[in-house]
Each structure stands twice: as C-alpha cells, then as structure tokens.
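Trainee: After the structure tokens below, expect a handful of questions from me.
Protein chains: 2
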Amino acid sequence: MSLVVQKYGGSSVADAESVKRVARRIVDTRKQGHDVCVVVSAMGDTTDDLIDLAEKVSPLPPARELDMLLTAGERISMAVLAMAIAALGQEARSFTGSQAGVITDGVHGKARIIDVTPGRIKAALDEGHIAIVAGFQGVSQDTKDITTLGRGGSDTTAVALAAALEADVCEIYTDVDGIFTADPRIVPSARQIARITSEEMLEMAASGAKVLHLRCVEYARRFNLPVHVRSSFSHREGTWVTDKPVESTQGAVVEQPIISGVAHDRSEAKITVVGVPDKPGKAAEIFQVVAAAEINLDMIVQNVSAATSGLTDISFTLPKTDGQSAMNALNRAQEGIGFESLRYDDQIGKVSLIGAGMRSHPGVSAQMFAALAEAGINIEMISTSEIRLSLVTRAERLDDAVRVIHTAFGLDSSDGEAVVYGGTGR
Amino acid sequence: MSLVVQKYGGSSVADAESVKRVARRIVDTRKQGHDVCVVVSAMGDTTDDLIDLAEKVSPLPPARELDMLLTAGERISMAVLAMAIAALGQEARSFTGSQAGVITDGVHGKARIIDVTPGRIKAALDEGHIAIVAGFQGVSQDTKDITTLGRGGSDTTAVALAAALEADVCEIYTDVDGIFTADPRIVPSARQIARITSEEMLEMAASGAKVLHLRCVEYARRFNLPVHVRSSFSHREGTWVTDKPVESTQGAVVEQPIISGVAHDRSEAKITVVGVPDKPGKAAEIFQVVAAAEINLDMIVQNVSAATSGLTDISFTLPKTDGQSAMNALNRAQEGIGFESLRYDDQIGKVSLIGAGMRSHPGVSAQMFAALAEAGINIEMISTSEIRLSLVTRAERLDDAVRVIHTAFGLDSSDGEAVVYGGTGR
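From first to last, the protein sequence lines are chains A and B. Oh and the first sequence: position 10 is 10 in the UniProt record's numbering, straight run, nothing missing. Oh and the second sequence: position 153 is 153 in the UniProt record's numbering, straight run, nothing missing.
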C-alpha cells in the first residue's frame, strides 16, 4: 500500500460526464489498496467565465477580490468530484487550499507556497477517506486572506502536497500521454519520453514546453519526489520525471539518452538598444532600468564594438507581455544612459535542445549549427547552460528549426509511425 | 455616525448590472457617514444551477459536499460586489461566513448559528472599509467543515451579524417595498405596514408570510435589533420590525393598529386518522409516531367521540413535503395503535389574522367567523395564539377568505388606490 497524489486539470473535469469518468479512475486507484489524495482544478471554462464576470463590474478588479472570486472555481469542481466518488460508494471529502494547509505569501494572483500543513488531509486519509483538495489556491500566512498561485498553480499544489504528505508518487493527469521529444503538432514523429530527470524537465519547462510548470518541477526536484505525467483519457504509462532510474514494464532499466527533447517558445520578443557608449557600466545601467520594471530577461547579446565609433548594440529577449513596459522604461532612461535608439522585434522564435548527456558530448552544438545551416535557417542569438542549447531564429522558420534539430539528433520515432497526441483529440 | 448592516438577496444581485446598482446604493450609505457591513446572497439562479450540477453526478449528494458546493455561490457574489464597490472608489473587502466568524452546529443544509465572532469584520470596519459577508453559510464548531443555514439563511446571517456587531439597524433589501397587510397579488388593496412588532412578525412568518424567515425574526427579537425591510429597487421607507415606537417622516409616532395583517399558507396538507379507539394515550401514540419521523405538526383537531362506537377521528396539518413520510410512518403503526384508516387531503388552505391588539379586543374571532359565514366559506379547523387566529378552508376558497377578512378588519387602503407590489415588477 502506498500514498498516491493525483492531479486532474480543468480539461479532465470539463463537465459532469468527465467528472464521473475521473471519479471512476480515482476509485479504481483506491480499490487497488492505495491511499489517494486528489488535487483538482476548476472545471473547463469556469475560470474564464469568472474573469469575464469580474470585468463586467470593474475595469481593474482588486487582486484580493479576484482571488476570492476565482477560488470559487475549484470549490465547485472539488465538491462535485467528491459527490461523484460518493455515488460510487467510496467516502470522499473535499478541502479548500486553506483547509488543506497550503500556506502562502500574500502576493495575490501569483502567491508562493511557504509551507504545507496537511493535518486535516492526513486525518481524512487515516479514516480511509479519499481527500479532494482545491488546486491553485492557498491562504496568506500574514493576512489570512485567500490567495491563488498563478499559472500552473494546481500542479504546484499537487507536488507540494505530495511532498508534505511524503507521498510515493505525484501523478499529474493531463490531456496528452506525457512529455514528448517535441510538440507533436509541429513534429508528427515526436516520441513520448519514458523518463526525464528533473534537471532536464526544468530546462524543458523554462524553454517553453507547456506540459509542466516550472515552479512545480522546482518543487518536485527540491523534495526528490517522483512525478508521473500521464493522460486521464488512457491507462498508458506516461512520462516519469525522476532522478532515479525507472524500470520499463518489461523490467529493464530505461536507458538515458544523450538528448531528451526539443522545446520551442513563441512568447518572446527581442529589444535592441542601438548605439550604446562602449564604456564600463553602461550595460549595467540598461539592465538596472529593466530590472526596476520587474521584467525577467532571458537571452542577452552584446555586439562587438566597432572600434571607430566607440558605440555598441545590446540585444536581449523578454516575454512579449512585458515588451511595452520595458520599452517605456528604457525610453525614459534614454538621456541618462545616452544610447541612440531602441528597436523592438516580436517576430522571433526560440528553439532549445535539452539533454543531460550534453555534459559529456562536446559535439552537440556543432552538430546543431550544421543541421540548421544545411536547412538555410539563420541563427540570431545563442545561449547555453550545461544541459541546454537555445537559439533565436525568425518566427516563420521556428517550426522548420524544431523539425530539423529533432531529426538531426535521432529523436524521430524509428518506425515512422505517427504518435497520437492526446487520447481523445481534445 | 452609525453602523448599518444591509442584506441583499439573490434577485437584487441577479447580474452584473444589478450588482453595480447595489454597489452604488452601498457607497451612498457609506458617504452619508455610516459604517457599512453588507450580507449578500448568491447571484440570481446560481444556487439552482449548482444543485443541477450536483444532481448530474450524484442521485443523493452527501450533505457536507453539497454545502461546500453551494457556498461557492456567495463567494462569487461577494467578491464581484466588492469589486464593483472598489470601482466606485471605496475600499471593500469580502469575507466568507467562516472568515466572518459565523459559527454553527454541524447539521449540513440547515445549520443553526451558535455564535458570531466577527473580529475580522470589526477590524475591516475600523480601517474604514466596507465589509461584504457571504450570507447563508458558516463553519461548524466541531468539525470546522463549511455549513449552510438553509432557507432564509442570508437574512439570519444579517441579523445575527448585526446583533454581534451591535449595529444600529439591520436593513433587509428585497424586491418588494416591505411587509404588506396581505399578499397584494391576492388583495390589490393591501397596504404596506409601517411598523410591526417582532412578536407579530414571528406569527406572520410562521403563518406563511414569505418576506422574512422565521428564524431571522426570532434572532432579531432575542437581540432586540430593529430590522428595516425595504426594496432595493426604490428609496421608499419600508417596514420597521421593532418593538420600539417609530416616528413617521412627519415626526409623529406611528400608531399601532389592532390588527396588523392577514397571512395565508398553501403549503400544508391535512391527515385524518379515522376510527381511533377513544382511550387515554391513543392520541399520544399517534403523535409520537409522527414526531419520530421528525415532522413538525401545525394544527390539531380531535372530534367529539360518538358515544355508541367508542371511536374518534383525529386530524392534523403538516407541510405537504412531509406528507408522504408521515403517511408511511402511520401506516406502519396502524396495527399497534388500532385505528381504522388514514385520509390524506392536500386541497386545504390556511388563513391567519395577526395583531397584538387581539389581546384586549375579545370580539375579533366572532367578527372573523361572521365575515366568512356571510361569504359562504366553510371553516374546517381553528387554532389560536394570544395574537393570532388561524383557520383552515378549502384551497379553492383561500383567496376569497383572505380578501373577506382583510376587508372586514378595515385593512383595505382607505383611498382605494392600488399599492404597487415591488418596485420594478420583478
């Protein structure tokens, strides 16, 4: 007997029928002899509907009240899921984030979990009940106000709760079969990854892979918690995110490949600061201005200074959503820093190759550049970590770049068979 | 400066536009210099929609989970109302029943308030904020589970909170202008009552008047709290429920009439137990059987025994919704008690005349019977209290009975002008 934490997203509980299907799945797990704690998101479009309602009464709703409003979404889904489980003859009890002991800081809309004190969940499990917990929400340590965790918050709730309960595994149910070597909508021959290390998964999430949120992976890594990402529409094995070797269903240890996958990201823009005086401290001034606007930069390139002019250009990428405020902040600082002009470019794409094996295989970057050159794809910026290699290309060549790299590193499924993306076409 | 508790029902906050209208009203009250605490119900049909959803996943949802689900309704309305107030430039903070300190027993679906500890509400008011509190809900003292108060629960929340905060007045906003001498849909010449004592209001509520719930009036009476029932669609004075004399807008003390109003009730049925042995203890056996089924009886009549047979008939009224279970319980007990048969009659109506002046005017019942006799309306059962006189008639003569009594006691509006029922025809 083990303790399993399962997380079901909004698309898995979109309507009453889906809720009943998920309830059967949970009851099956319970009947296999496991203790089960379930984290659930709001049903389908509930959150969007609530945001629409808020916008009808207020142009800029106070963040505290928006959190109060949005948390009604999981309250509905968790109670309905508990009812559906009860209708199958198992005892289930639902708990809000606050009742489950999800303690956060006070930053409404993107609160961080400070502590998890799941006394009531433990008690419910000890009584043999299935515990259903609202994802995405917590309670502020200082003000006792209700908070939400922001994007990917339900995954983070599940992993944090699993860690606090010392669960054996955290299963993240989604509408795809797991993590793929690339987005199958771009690369039809992409393969499902059987196992990936948390370090690689972190780089994948940071590089634009959408299945797991960065913060959730960080949490799992910190607590050394195995995460199993799988589809709620099938019973296939999904992807294990764990640093321990896992056994395949045939009992063999799954071998770790050099390259795990190719991620891509269309959400970034590039700002170029043109004609910056090539003096010590000027780059620092620019990035202080951007940092003061609370904008996270990604890649940075400083051009080699032209000896004759004494001026240089500095380019960096950032989320498109922060583009306007970064441009405003830099424009205000133009006179003080003394640069010539700004250029804004939102027609870029980023492709990243991720694999722990890169550490011991120095030829990876050369192989990647060669493949792109052969396909006539121009590289505009480069950044690397120990286990990741990221490039910026024109947005219209991004899909090509992903396919070329995927093929070059032998990631295409060997039998040429198309991998089904998702179980029901949702 | 005074402290005002206002309660708005679901029809007053049915959609975004209504919420904005109510927000303006609240802000107006605040700007007049009052501290304002608002209790709000779920928006429009939200509660019914949530019950529909529950029924889709479970034939008999667990009461704990149904309460968890339904409380999402006020969570939405209170957050949206707080946003609408903030959009008008006033600070507002919403609180769940639990956060507002509404402590109840553990009877899900019809919990009773045990205590109110509104520390967070007081703090919010002290900071100059408008406090918005979810009606209808609380938290169980023993299990810390979320509870709901059942029908009329938001009114009870408002009155209980007003008592705990030592508010100067509790304003109950509804879609009619206050309490009327009879239901204006039946008696077009019914007048709005300016003031009614809590004792009379208790009898009105118990006799079928729908505007205020019995439990809420009991609470107001216990804490000697003035309640002002008025329309959220107009700025007219409504009805004051208070034992203190109130002044009219012209400064004169409003005189207390002998009769306050005529209430009616179509929700009851009559059961007759036929051929009961006329021996001591037989009536007690019958009512023990009914009480064991947790059914509240209203009126009881025992016929005079026919000397020859040694048998008698016993009739009583009860809510129609309890009819089936009462019949089942009595049928099971037939052999033990030894009665002949049961008759069930749901074609009855009850009309009640209420007035504190009855105590000192002994002719009231004779006057009432004479008026009904003249109209050819048969009286089937009678019950009285110190300030109430109730009669059972055939259901199809109930409306006539209400009109005849209303006229006989001089309650028709003197100028013959039709009183508008409600402000917007809702």
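All C-beta atoms, glycine included, are put in the ideal place defined by N, C-alpha and C.
State whether the region 35 to 43 of chain B contacts the region 123 to 138 of chain B, with contact taken as three or more CB pairs (one from each stretch) at a distance under 8 Å.
Mentor: With a cut-off of 8 Å, the region 123 to 138 of chain B and the region 35 to 43 of chain B count as touching, because enough Cβ pairs lie within range.
Trainee: Rounded to whole angstroms, how far is the Cβ of residue 427 of chain A from the Cβ of A:ARG64, which I believe are closer than 8 Å?
Mentor: Lying before the first or after the last residue shown, residue 427 of chain A is absent from chain A, which here runs from 1 to 426.
Trainee: Please report the Cβ distance between B:THR308 and B:ASP278, rounded to the nearest whole angstrom; I am assuming they are in contact, meaning their Cβ atoms lie under 8 Å.
Mentor: Wrong, their Cβ atoms sit about 11 Å apart, outside the cutoff.
Trainee: Could you tell me which chain A residues have their CB closer than 9 Å to the CB of B:SER94, listed as they occur along the chain?
Mentor: Under the 9 Å cutoff, chain A gives ARG64, GLU65, MET68, LEU69.
Trainee: So is B:LYS56 in contact with chain A if we call contact Cβ pairs under 8 Å?
Mentor: Yes, because at least one Cβ of chain A sits closer than 8 Å to the Cβ of B:LYS56.
Trainee: Whole angstroms are fine: how far does the CA of B:LYS20 sit from the CA of residue 437 of chain A?
Mentor: In this structure chain A extends from 1 to 426, so residue 437 of chain A is not present and cannot be described.
Trainee: Which same chain residues end up closer than 6 Å to residue 435 of chain B when comparing Cβ atoms and leaving out the 5 residues on each side of it in sequence?
Mentor: Here chain B covers residues 1 to 426 and nothing more, so residue 435 of chain B does not appear.
Trainee: Residue ranges of each beta strand (DSSP E) run of no fewer than 3 residues wholly in the region 277 to 333 of chain A, ordered along the chain?
Mentor: Taking only runs of at least 3 residues, the beta strand (DSSP E) segments lying wholly in the region 277 to 333 of chain A are 300 to 302, 311 to 319.
Trainee: Can the beta-carbon of B:LEU411 be found less than 8 Å from the beta-carbon of B:VAL351?
Mentor: Taking 8 Å as the Cβ cut-off, B:LEU411 and B:VAL351 do not qualify as a contacting pair.
Trainee: How about A:ALA263 and A:ILE354: are their beta carbons less than 8 Å apart?
Mentor: Yes, these two residues count as a Cβ contact at 8 Å.
Trainee: Check whether chain B comes within 8 Å of residue 428 of chain A, counting only Cβ atoms and requiring the distance to be less than that.
Mentor: Outside the modelled stretch of chain A, which goes from 1 to 426, sits residue 428 of chain A, for which no answer is possible.
Trainee: Could you work out which residues of chain B lie near A:ARG30, taking near to mean beta carbons separated by less than 7 Å?
Mentor: Those do not exist, as A:ARG30 stays about 16 Å from chain B at its closest Cβ, beyond 7 Å.
Trainee: Identify, in the order they occur along the chain, each residue of the same chain with its Cβ nearer than 6 Å to the Cβ of A:SER2, setting aside the five sequence neighbours on each side.
Mentor: Cβ neighbours of A:SER2 beyond the five flanking positions: HIS34, ASP168.
Trainee: Within 10 Å of its beta-carbon, does B:ILE82 have 16 or more other beta-carbons around it, so buried, or fewer, so exposed?
Mentor: First, the amino acid is wrong: residue 82 of chain B is Ala here, not Ile. Result: buried.
Trainee: Enumerated in chain order, which unbroken segments of the beta strand (DSSP E) with a length of 3 residues or greater are wholly contained in the region 171 to 247 of chain A?
Mentor: For the region 171 to 247 of chain A, whole beta strand (DSSP E) runs of length 3 or above, ordered along the chain, are 227 to 231, 239 to 241.
Trainee: Can you find the residues in the same chain that come closer than 7 Å, C-beta to C-beta, to B:GLU17, ignoring five residues on each side of it along the sequence?
Mentor: None.
Trainee: Take the Cβ of B:LEU60 as the centre, count every other Cβ of all protein chains shown within 10 Å, and call the residue buried at 16 or more, exposed below.
Mentor: It counts as exposed.
Trainee: Whole angstroms are fine: how far does the CA of A:VAL187 sit from the CA of A:ARG403?
Mentor: Answer to the nearest angstrom: the Cα atoms are 6 Å apart.
Trainee: If you drop the 5 nearest sequence neighbours on each side, which residues of the same chain put their C-beta closer than 7 Å to that of B:VAL420?
Mentor: Model confidence at B:VAL420 stands at a pLDDT of 35, short of 50, so the residue's coordinates are unreliable and nothing is read from them.
Trainee: Enumerate in chain order the residues of its own chain whose CB-to-CB distance from A:ARG397 is below 6 Å, with the five nearest sequence positions on each side excluded.
Mentor: For A:ARG397, where only same-chain residues beyond five positions count, the Cβ hits under 6 Å are ILE377.
Trainee: How many Å lie between A:ALA72 and B:ALA54 at the Cα?
Mentor: Their backbone Cα atoms lie some 15 Å apart in a straight line.
Trainee: What are the complete alpha helix (DSSP H) segments, minimum 4 residues, inside the region 28 to 93 of chain A?
Mentor: With a minimum length of 4 residues, the continuous alpha helix (DSSP H) runs that stay inside the region 28 to 93 of chain A are 46 to 57, 63 to 87.
Trainee: On the DSSP letters alone, give me the boundaries of the beta strand (DSSP E) that B:HIS264 sits inside.
Mentor: Looking at the DSSP string, the run of the beta strand (DSSP E) that includes B:HIS264 is 261 to 265.
Trainee: Please classify A:ALA206: is it buried, with 16 or more other beta-carbons within 10 angstroms of its beta-carbon, or exposed?
Mentor: Buried, since its Cβ has 16 or more Cβ neighbours within 10 Å.
Trainee: If the cut is a Cβ gap below 8 Å, which residues of chain B does A:ALA86 touch?
Mentor: The answer, in chain order, is SER58, PRO61, PRO62, GLU65.
Trainee: Going by Cα to Cα distance, which pick from A:ARG25, A:VAL276, A:ARG388, A:PRO319 is closest to A:LEU297?
Mentor: Here the closest residue by C-alpha is A:PRO319.
Trainee: Going by C-alpha distance, which of A:ALA326, A:VAL276, A:VAL274, A:ALA284 is nearest A:ILE295?
Mentor: For the residues A:ALA326, A:VAL276, A:VAL274, A:ALA284, the minimum Cα distance to A:ILE295 belongs to A:ALA326.
Trainee: For B:ALA370, count neighbouring C-beta atoms within 10 Å of its own C-beta (all shown protein chains included) and say buried if the count is 16 or more, exposed if not.
Mentor: The residue in question, B:ALA370, is exposed, as its Cβ has fewer than 16 Cβ neighbours within 10 Å.
Trainee: Would you decide whether B:ARG195 is buried or exposed? Buried here means 16 or more other CB atoms lie within 10 Å of its CB.
Mentor: Classification of B:ARG195: buried, given that the 10 Å Cβ count is 16 or more.
Trainee: The alpha helix (DSSP H) spanning B:ASP155 covers which residue range?
Mentor: Unbroken alpha helix (DSSP H) run through B:ASP155: 153 to 164.
Trainee: Looking at chain A, is there any beta carbon in it that lies within less than 8 Å of the beta carbon of B:LEU149?
Mentor: So no, B:LEU149 is outside the interface.
Trainee: What's the C-alpha gap between B:VAL4 and B:LEU88?
Mentor: Near 19 Å, if we compare the C-alpha coordinates of B:LEU88 and B:VAL4.
Trainee: Only counting the same chain, and skipping five residues up and downstream in sequence, which positions put a Cβ closer than 6 Å to that of A:PRO226?
Mentor: Here the set comprises VAL169, THR242.
Trainee: State the Cα-Cα distance for the pair A:ASP346 and B:GLY138, rounded to the nearest angstrom.
Mentor: Rounded to the nearest angstrom, the two C-alpha atoms are 51 Å apart.
Trainee: Applying the criterion that 16 or more other CB atoms from any shown protein chain within 10 Å of the CB defines a buried residue, is B:ALA321 buried or exposed?
Mentor: With the sequence shown as reference, residue 321 of chain B is identified as Thr, and Ala is not the correct amino acid for it. Exposed, since its Cβ has fewer than 16 Cβ neighbours within 10 Å.
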